[in-house]
Each structure stands twice: as structure tokens, then as C-alpha cells.
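The block underneath contains the structure these notes are about, expressed in C-alpha cells.
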Amino acid sequence: MHSADKHVDVPFLPWALQLFNERVETLAKDDPEAQCLPVGVPRYMFDPYPFQMIQTADRVIFIFEGDNYPWRIVRTDTEAAHPKHLKPTWMGDAVGHYEGDTLVMDVIGFNGKAWLDQAGHPQTPQQHLVERYTRTDSLTLKYEVTIDDPGAYSKPWTTSNTVRWRPKMELMEYVCQENEKSSAHMRDR
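If you count the sequence shown from 1, you need to add 1 to reach the working numbering.
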């Protein structure tokens with residue numbers, strides 16, 4: 002289970018707080034995940050589904066079991082930089098480097114459609130994330146993310162969680178069916 006390590010006072014802009022409250026009041030009926038759409042980042046790191054990280058010489062690849070986007074590629078070669086013309090996406094464009102034992106990722110290029118978390122914190126295309134992944138011991142991964150989104154929040158803010166490694170665990174197939182029937186009931190509330 003991935004959940005925040007501690008409570009954070011989120012510095013909402015008024016419109017973002019209003020939208021967040023609407024999402025809470027309507028029991029997240031418009032959640033992209035309920036419509037078989039990707040949930041985006043940093044939400045993947047807080048949802049309960051397992052994932053794997055695979056490191057090669059010039060990239061780190063994330064493979065997710067659940068939600069609606071099964072992979073993420075982060076360029077880590079020394080020449081890695083964001084392209085000048087980004088097509089906005091659910092996951093954004095990530096480039097990474099190591100600071101000691103910590104993988105630091107700079108992420109921009111969001112489409113603004115994802116939710117930051119299951120609670121419904123909004124994002125805009127202005128969002129810029131800095132993610133930090135640190136293996137604190139052989140069974141623990143510390144995740145910290147700084148969210149800088151001047152379209153939704155009055156200042157940058159940071160949240161974190163701890164992910165426990167489960168030895169010998171294998172990812173299972175996960176399918177979000179296009180013809181699923183449950184989300185229609187959520188929208189009818």
C-alpha cells in the first residue's frame with residue numbers, strides 16, 4: 002500500500018480548492034481512473050498497485066501493474082534534456098540523474114487532465130515535478146515529490162511516501178475494460 006507519510010497543508014488557489022472539494026463531495030465520480038484513463042504522476046506512486054523499476058545504462062523504466070498506464074520511461078543519460086517542443090501527456094516528460102544514491106527526476110509537459118492523487122488534487126499543464134527516489138534499505142524505497150504548479154497552487158509543496166519492496170513478487174496482468182459498466186453509475190450520482 003502506498004500512502005502519504007504525513008499530512009500536508011496544500012496551498013490551493015481558490016479555483017483548485019473549489020474543484021478539489023467538488024471531487025470529494027461527488028465521491029470522485031469524474032476520476033480518470035474510473036473511465037479507464039491514465040492516472041498520471043505522482044498518483045502512481047501513491048496508489049496501491051505494485052510496480053517495478055528497471056534500470057538500464059541510459060534510462061529507468063517503470064512498469065505498473067494497475068491503473069491505466071502500464072509503463073513510464075525516464076531518460077538518464079548525461080545528455081538527457083526535455084525536448085523543445087513537448088506534446089503534453091498524462092505522465093509528462095521525465096529526465097533523471099543521480100545525486101548519490103537518489104534518483105532525481107525532473108518532469109514537465111503535462112496535459113492537465115490527471116489527478117495528483119486519488120483524493121482529487123488537480124493539476125494544470127503548468128505543473129513541474131521534481132521526484133526523488135531513495136532506497137533507504139534493502140526493502141524500502143522512499144519517494145518524495147515537489148509539486149510546482151502555479152496554475153493550481155500558490156507555492157510549491159512537497160509530499161512523500163514509503164514503498165515496501167516485496168521479494169519474489171511478480172506483476173500480474175491488469176486490464177481496464179473499455180466496455181466496463183460501473184463508472185456509468187458513478188456519473189449518475
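Just so it is clear, CB atoms sit at the ideal spot from N, CA and C, and this is done for glycine as well.
The structure presented is a predicted model; accordingly, all values stated were derived computationally and were not measured.
Buried/exposed call for residue i, threshold 16 Cβ in 10 Å
i	result
Arg167	exposed
Gln128	buried
Met2	Caution applies to Met2, whose pLDDT of 37 falls short of 50 and renders its modelled position unreliable; the value that the coordinates give is listed next. With fewer than 16 other Cβ atoms within 10 Å, it is exposed.
Gly93	buried
Gly175	The sequence given here has Tyr at residue 175, not Gly. So Tyr175 counts as exposed.
Met170	exposed
Val9	exposed
Val108	buried
Pro49	exposed
Tyr45	buried
Tyr144	buried
Pairwise C-alpha distance: residue j and residue i
i	j	result
Pro151	Val164	28 Å
Thr160	Gly41	16 Å
Val146	His83	19 Å
Leu87	Asp149	18 Å
Ala29	Gly121	7 Å
Pro33	Leu117	11 Å
Thr57	Pro126	29 Å
Phe111	Ser139	33 Å
Gly67	Leu38	12 Å
Gly113	Thr90	8 Å
Leu14	Ala5	22 Å
Trp158	Arg24	21 Å
Gln53	Cys177	19 Å
Glu26	Pro71	29 Å
Ala81	Asp102	19 Å
Gln119	Pro43	10 Å
Ala115	Phe65	16 Å
Asn22	Phe47	20 Å
Cutoff 6 Å; reference residue i; Cβ partners in own chain excluding five residues on either side
i	result
Met106	Val75, Ala95, Gly97 and Glu132
Ile62	Ile55 and Ile74
Asp78	Asp59
Pro123	Ala17, Leu20 and Ala153
Leu104	Gly97 and Tyr134
Lys156	Pro12
Own chain partners of residue i with C-beta closer than 7 Å, once the 5 adjacent residues on each side are dropped
i	result
Lys7	none
Arg136	Asp102 and Leu142
Cβ-based neighbour list, residue i, same chain, cut-off 8 Å, excluding 5 preceding and 5 following
i	result
Thr141	Thr163, Val164, Arg165 and Trp166
Cβ separation of residue i and residue j, assumed to be a contact under 8 Å, to the nearest whole Å
i	j	result
Pro51	Leu130	At roughly 22 Å, the Cβ-Cβ gap does not stay under 8 Å, so Pro51 and Leu130 are not in contact.
- Could I get the ranges of all uninterrupted beta strand (DSSP E) runs contained in the region 44-89, with 3 residues as the minimum, in chain order? Runs of the beta strand (DSSP E) inside the region 44-89: 52-56, 60-65 and 72-76.
- Query: Which whole runs of the beta strand (DSSP E) in the region 101-145 are 3 residues long or more, in chain order?
  - Reply: The qualifying runs are 103-109 and 129-138.
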